[in-house]
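Respectively, the protein sequence lines represent chains A and B. When we follow numbering that gives the first Met the number 0, the leftmost residue of the first sequence carries the number 0, and every step to the right adds one. When we follow numbering that gives the first Met the number 0, the leftmost residue of the second sequence carries the number 0, and every step to the right adds one. Structure record follows, encoded as structure tokens.
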Amino acid sequence: MPGRRTSLYERQRALGASFAPFAGWELPLQYAAGILAEHRAVRCAAGLFDVSHMGALALRGPAAGEAMDWLCVNDPRGLDAGMALYTPLCRRDAGTQDDAVAYCLEPGRSYLFIVNAANVEADAAWMRSELDETGIAARGAEIVDESARTALVALQGPAAVDILGALLPAGEREPVAALRPFTFRAGGAAAGVSCLLARTGYTGEDGFELACAPQDAGRLWDALLAAGQERGLLPCGLGARDTLRLEAALPLYGHELDLETSPLEARLGRFVRVQGRHCCAGDALVRQAAAGPERALVGLLPQPPAIARAGAVVRTPAGEPLGVVTSGTYAPTLGRAVALARCRRGQAPIGSVVVVDVRGRAVRADVVRLPFYARGKG
Amino acid sequence: MAEFPRDVAYTPEHEWYRVQDGTIGVTDHAQRSLGDVVYVELPAVGAVLEAGRPFGTIESVKSVSDLFAPVGGRVAAVNTALADEPERVNREPYGGGWLIRVDPSGEPAGLLDADAYRRLVEGT
């Protein structure tokens, strides 16, 4: 069965994209330049990603603030218009339903969740059932799936601010350049296309995510590619998106997070802010935090040239099972393999050595501090 | 489009074999599907290959694949340049990106010519 295509599919074909199935979509895995060049472009210049496959769930109504409090594991109470929040979304047993960025359009009344493509329907169903059961829906909070009406492109890399600036009206350049991480401007325009401009991303670099109507996405995409040409911008596919996020140790749902894993077991403790709030997963998360979660996410550097990939079993040097690799790849910036692994907590401290089964071969790996890559300041 | 030179024979698993000098590599189609190659694991000189059996692995950023021997024989030479420059497989799959050379122990069997291999990968 052919996958769904975003509004940019024909342009991506023309750019030499090779496509791969992902969450029911047919998406560019890489373009003509290849994953390594695309990865490098984002670290050194800029990359342009089509992430229109991601879900967009609007939360609206007079009780929307109460709904945010109940659904978000991170604390949404201080959110003002133009602020965004990264938050795990957890079930009552602390298992992770999804992770999302919530954009505050109007405090207490209107929010937009950008969620993982594979989870859109399940997220919406879960949110609605939580809001129904608690009476919040009846007090005025509605979930509307806006995914089909939302195209999303990510412009990432140190040159992103200059490239985007070239497409903005003169009066908008300063305020957009001054946007702090996890803030956004709604109701603006880039290259004449109305869009929401957010200083967010998933690469470990500076950058922006731009949400617009699907029928306008082509114009915006073309303008960004043209403005970026002299500044080293490359169109980038899912392959580079994965190597970039993994170097930055950003979690990917289905790998580091799932219904059986709490955010406390995925190195996301700083996004768990449930004390003194009415959050559906609050009790379970507080209990787990007090008892200490059984598992923890650690960073591994397998001995070159081995590349430990998702599913590889992790053991102590004595052969005792410790856990499993959740994501692993060749990290282009480091020039070697990196991996994230979920291990028994406290059993694989930083500086220790573990053994990973790479297709039947025991490979030594050092447990290291995360992230593998952090961009320099200044 | 991928190249299908006529001076080599092909395995259905996307290796090529040049009968004249016993050279083995992966096809242009294979390197395009793999994407950027970051590591190639090859047997040592003197190792014995069995036709149709795995003799090494090729790893790209995204995936890892076994390499299958187009012919049985003894490894006569290994492309050591790939240790530092695995990207040669992408750049010149039929040239500087060759993998190994073998002294064949018999005639290759079950290989495809360029047209048959092209039909296989293009699904026509």
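By construction, the Cβ of each residue, glycine as well, lies at the ideal position given by its N, Cα and C atoms.
| Asked | Found |
| --- | --- |
| According to the Cβ coordinates, are THR405/A and THR325/A closer than 9 angstroms? | The shown model of chain A, from 0 to 377, leaves out residue 405/A, and the question about it has no answer. |
| Among PHE181/A, ARG343/A, VAL337/A and VAL114/A, which residue has its Cα nearest to the Cα of ARG363/A? | VAL337/A |
| Considering only the beta carbon of each residue, do GLY164/A and SER17/A sit closer than 9 angstroms? | no |
| Evaluate the contact criterion for the segment 85 to 95 of chain B versus the segment 15 to 34 of chain B: three or more CB pairs, one atom per stretch, below 8 angstroms. | yes |
| With a cut-off of 9 angstroms, does the C-beta of VAL70/B fall near any C-beta of chain A? | no |
| Excluding the 5 residues flanking TYR38/B on each side, which residues of the same chain have their C-beta closer than 7 angstroms to its C-beta? | GLU58 and PRO85 |
| Who does SER326/A pair with in a DSSP beta bridge? | LEU339/A |
| DSSP three-state label for ILE29/A, please. | Just to set this straight, residue 29/A is Gln in the shown sequence, not Ile. Note: GLN29/A maps to strand in three-state DSSP. |
| Tell me, please, which residues DSSP counts as bridged to THR95/A. | CYS89/A |
| Taking its Cβ as the centre, do 16 or more other Cβ atoms sit within 10 Å of ILE349/A, making it buried, or is it exposed? | exposed |
| Pull the bridge partners of ILE142/A from the DSSP assignment, please. | LEU58/A |
| With distances taken Cα to Cα, identify the nearest neighbour of SER351/A among SER128/A, ALA307/A and LEU321/A. | LEU321/A |
| Would you list the one or two residues that DSSP bridges to LEU84/A? | ALA101/A |
| Within 10 angstroms of its Cβ, does GLN287/A collect 16 or more other Cβ (buried), or is it exposed? | buried |
| Under DSSP, the alpha helix (DSSP H) around CYS383/A begins and ends at which residues? | As displayed, chain A neither begins before 0 nor continues past 377, which places residue 383/A out of reach and without an answer. |
| With a threshold of 8 angstroms, are at least 3 pairs of Cβ atoms found where one atom belongs to the segment 88 to 96 of chain A and the other to the segment 117 to 124 of chain A? | yes |
| Under DSSP, the alpha helix (DSSP H) around SER32/B begins and ends at which residues? | 27 to 33 |
| Pull up the distance between the alpha-carbon of PRO304/A and that of ARG335/A, whole angstroms please. | 7 angstroms |
| Return the bridge partner residues of THR133/A from the DSSP annotation. | Beta-bridge pairing links THR133/A to no other residue. |
| Should ASP365/A be counted as a contact of the ligand ZN given a C-beta to heavy atom distance under 8 angstroms? | Ligands in the displayed structure: none, and consequently the ligand ZN is not present. |
| Got a sec: is the Cβ-Cβ distance from ASN124/B to anything in chain A below 9 angstroms? | Lying before the first or after the last residue shown, residue 124/B is absent from chain B, which here runs from 0 to 123. |
| Is it the case that the Cβ atoms of VAL25/B and GLY72/B are separated by a distance below 9 angstroms? | no |
| Give the straight-line distance between the Cα atoms of GLY377/A and ASP205/A, rounded to the nearest whole angstrom. | The predicted model places GLY377/A with a pLDDT of 39, which falls under 50 and marks its position as unreliable, so this point remains unresolved. |
| Among all the DSSP beta bridges, which residues are the ones paired with THR242/A? | According to DSSP, THR242/A bridges with nothing at all. |
| Can you find at least 3 beta carbon pairs, one from the segment 211 to 224 of chain A and one from the segment 6 to 14 of chain A, that sit closer than 8 angstroms? | yes |
| If you measure from the beta carbon of THR242/A to each beta carbon in chain B, is any gap under 9 angstroms? | yes |
| Does the beta carbon of GLN155/A come closer than 9 angstroms to any beta carbon on chain B? | no |
| Would you give the residue range spanned by the alpha helix (DSSP H) that LEU219/A belongs to? | 213 to 227 |
| Determine the direct distance from the alpha carbon of LEU104/A to that of GLY268/A, and round the result to whole angstroms. | 26 angstroms |
| Buried or exposed: which applies to GLU65/A, given that a residue is buried once 16 or more other Cβ atoms fall within 10 Å of its Cβ? | buried |
| May I ask you to verify whether the segment 142 to 152 of chain A touches the segment 54 to 71 of chain A, counting CB pairs closer than 8 angstroms and requiring at least 3? | yes |
| Got a sec: which bits of the segment 108 to 121 of chain B sit with their beta carbon under 7 angstroms from any beta carbon on chain A, in order along the chain? | none |
| Hey, ALA340/A and VAL367/A: beta-carbon distance below 9 angstroms or not? | no |
| Let me know the secondary structure DSSP gives TRP97/B once reduced to three states. | coil |
| Taking 9 angstroms as the cut-off, decide whether the C-beta atoms of GLY203/A and LEU249/A are in contact. | yes |
| To the nearest angstrom, how far is the alpha carbon of THR315/A from that of PHE371/A? | 22 angstroms |
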